[in-house]
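Its first residue numbered 10, the sequence shown is counted upward by one per residue in our numbering.
Built from N, CA and C at the ideal position, the CB exists for glycine as well.
Note that the coordinates shown come from a computational prediction; the quantities given were computed from them, not determined experimentally.
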Amino acid sequence: MADLKLDFCGVKFKHPIIIASLETTNSPEVIRECVDAGAAGMIVKTLTDIEDMARLTENSKYAILNEKNELIKGKVNKNFIFYSRSGYSSTGFREWVPHLIELNKYAQDRGSHLIGSAGGKTVQSWIDICRTIEDCGLPMVELNFGCPHPAMMPGVHGGSMIGQEPEVAREVTARVCEAVKIPVVIKLTPDQSRVMEVARAVKEAGAAGVTATNRYTGFSVDIETGQPRLGGPAGIGGVWAKPLSLRWVHRIYNELGMPITGSNGIYDHRDVVEFIMTGAPLVQVGSILMLKGIKYLPHIISGLEEFMDSHGYPDIASMTGIASRRAVKDYGDQFRKPRMHSEIAQEACKNPSCTICIQTCFYDALAQGPGKVASLHDNCIGCEMCTQTCPFNATSMHTTTDEDRARETFFQIPDGVFEIGKFAKGFDRGIKLARVKG
Ligand SMILES: Cc1cc2nc3c(=O)[nH]c(=O)nc-3n(C[C@H](O)[C@H](O)[C@H](O)COP(=O)(O)O)c2cc1C
């Protein structure tokens with residue numbers, strides 16, 4: 010059986026799956042439910058002294074959309090879009106104190122952790138909230154530099170506004186890190202182009218780790234009524250956002266080497282594995298539990314365990330960052346691979362009734378021959394598109410051998426690297442068809 014335990018910033022977790030800061034951690038009752046369902050940790054909904062952000066939560070609105078951008082009724086599939094408006098904890102941070110103390114003990118007694126989350130009005134309030142969290146005995150705090158809504162509220166400065174300004178993020182992080190001893194983790198916003206600058210700044214300021222990432226700000230339209238959903242811009246997420254989050258996990262892992270907790274785009278254990286393999290050994294599950302209920306959590310945990318057992322990963326460390334470490338460092342290295350070309354299994358091919366591979370080959374490497382698809386190796390760049398658009402699994406890729414080269418004297422270019430102008434001839438379909446027919 011795989012060992013799922015891990016150490017993250019000095020805190021020991023029984024497995025890598027914790028609950029993100031959101032509505033499921035906005036009440037003591039549900040936090041207890043998360044512990045009982047086996048969560049390794051719960052990040053309490055962001056504690057604040059910003060009244061408007063507390064009020065916003067009391068006025069939360071949700072539009073959960075399907076792939077047609079229609080409101081979902083009932084069953085939520087993996088392609089859901091979570092469009093929503095919510096604020097920070099609706100209960101003031103001082104009122105949380107007795108609950109934090111009690112819930113922290115409840116969690117610790119069951120091998121889990123309650124983690125703080127802060128979103129203050131001023132630098133002093135960030136400090137006050139984090140000190141309160143530390144005084145209640147919580148082992149770690151996340152600074153929410155990622156929530157999109159404060160940026161949309163006139164007069165409110167917080168969340169993703171801080172997270173978009175490296176020097177402001179550095180200042181708040183440094184002041185909090187001076188004020189508390191527990192590890193401080195910064196939740197980044199992806200709603201910007203300076204993610205790496207912000208991550209570097211908070212690392213230099215003393216952050217123990219980062220959360221990559223919070224959600225994006227979006228805009229969604231009900232085309233039947235012509236109305237903007239939820240009245241205007243709102244937070245947006247779903248599994249579609251996962252590769253965008255992983256982009257930052259990948260870069261931070263490779264370039265900054267700091268502890269990362271992954272967030273934004275988890276539906277099941279497969280997504281968890283992807284975050285871990287990219288470099289985030291601790292992952293946060295958020296909106297899917299709002300939609301499926303806390304009882305769904307054990308499926309994700311057991312799915313991870315089964316995956317690790319069936320794939321021979323003995324522990325979390327053996328999976329962490331393996332994909333990021335295998336990724337090319339130099340962009341040009343991606344092209345220095347053996348040459349490939351596509352071939353057609355004629356017995357599986359349904360041509361001429363199907364011509365989808367020809368229609369979707371933009372390099373003129375597949376063409377209509379007499380009663381069958383002809384594969385023009387010299388034009389094929391090995392992009393692999395046809396292996397995915399063919400509905401009959403009739404196309405496959407093959408390494409172009411020296412024999413192929415000898416037979417096809419037009420392969421006169423260095424291994425795998427294409428020269429500009431190679432496809433000039435491919436633009437002339439007349440030539441290609443003439444050659445096939447000939
Ligand atoms: C309704 C809602 C409320 C949220 N509230 C908070 C919050 O108070 N603090 C915070 O740091 N993140 C908040 N988030 C962001 C989540 O913690 C999480 O980062 C995000 O939903 C992406 O993860 P997911 O794809 O698992 O949902 C909220 C997200 C949603 C959908």
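Item	Value
Candidates M394, K359 and T398: closest to V382 by CA position	K359
Span of the beta strand (DSSP E), counted from its first residue to its last, around T141	Not the beta strand (DSSP E): T141 falls in the alpha helix (DSSP H), residues V132 to D144.
Residue from W105, G167 and L239 with nearest C-alpha to L147	W105
Under 9 Å between C-beta atoms of I309 and I275	yes
Buried versus exposed call for L80 [16 or more other C-beta atoms within 10 Å across all chains shown]	exposed
Distance between L109 and I141 (C-alpha atoms, nearest Å)	Checking the displayed sequence, the identity of residue 141 turns out to be Thr instead of Ile. Taking the straight line from one Cα to the other gives about 10 Å.
Own chain residues within Cβ distance below 8 Å of I365, not counting five before or after	T398, C399 and P400
beta-carbon I81 near ligand 1 non-hydrogen atom, thresh 8 Å	no
Length at least 4, wholly inside the segment 190-269: the alpha helix (DSSP H) runs in chain order	204-213 and 251-264
Where M10 falls, given that 16 or more other Cβ within 10 Å makes a residue buried	exposed
Own chain residues within Cβ distance below 6 Å of G244, not counting five before or after	S93, P157 and R224
Distance between A217 and L13 (C-alpha atoms, nearest Å)	22 Å
Sheet register partners of H350 (DSSP bridge)	H407
Proximal residues to M62 (C-beta, below 6 Å), its chain only, five neighbours per side dropped	G96 and Y97
Cutoff 8 Å; reference E213; Cβ partners in own chain excluding five residues on either side	R179
For L56 and F17, the rounded distance between their alpha carbons	22 Å
Burial state of H166 (16 or more Cβ within 10 Å)	exposed
Complete beta strand (DSSP E) runs within the segment 300-376 (minimum length 3 residues, chain order)	349-353
Simplified DSSP assignment, three categories, for D16	strand
Whole-angstrom distance between C139 and P8, CA atom to CA atom	Residue 8 cannot be examined here, being either before or after the span of the chain that is shown, 10 to 447.
Cβ-heavy atom distance, S327 to ligand 1, below 8 Å	no
As assigned by DSSP and simplified to three states, the class of L80	strand
DSSP-derived helix/strand/coil call for T57	strand
Validate contact between the segment 36-48 and the segment 63-76 using beta carbons, cut 8 Å, 3 pairs	no
Alpha helix (DSSP H) segment containing K114, residue limits	V106 to D118
7 Å Cβ shell around P268 - same chain, five flanking residues per side excluded	F17, C18, A217 and G218
Per DSSP, the bridge partner or partners of R94	K70
The alpha helix (DSSP H) enclosing H278, as first and last residue numbers	H278 to T287
Endpoints, the beta strand (DSSP E) within which I52 is located	G50 to I52
Residue burial classification, E38 (beta-carbon count within 10 angstroms, cutoff 16)	exposed
7 Å Cβ shell around I171 - same chain, five flanking residues per side excluded	F154, V177, A178 and V181
Three-state secondary structure (DSSP) of S99	coil
Contact with chain B by K21, beta-carbon distance below 9 Å	No chain B is part of this structure, which consists of one protein chain only.
The segment 296-310 in contact with the segment 333-344 per 3-pair CB rule at 8 Å	no
Residues near T100 by beta carbon distance below 7 Å, same chain, minus five either side	none
S36: CB within 8 Å of a non-hydrogen atom of ligand 1	no
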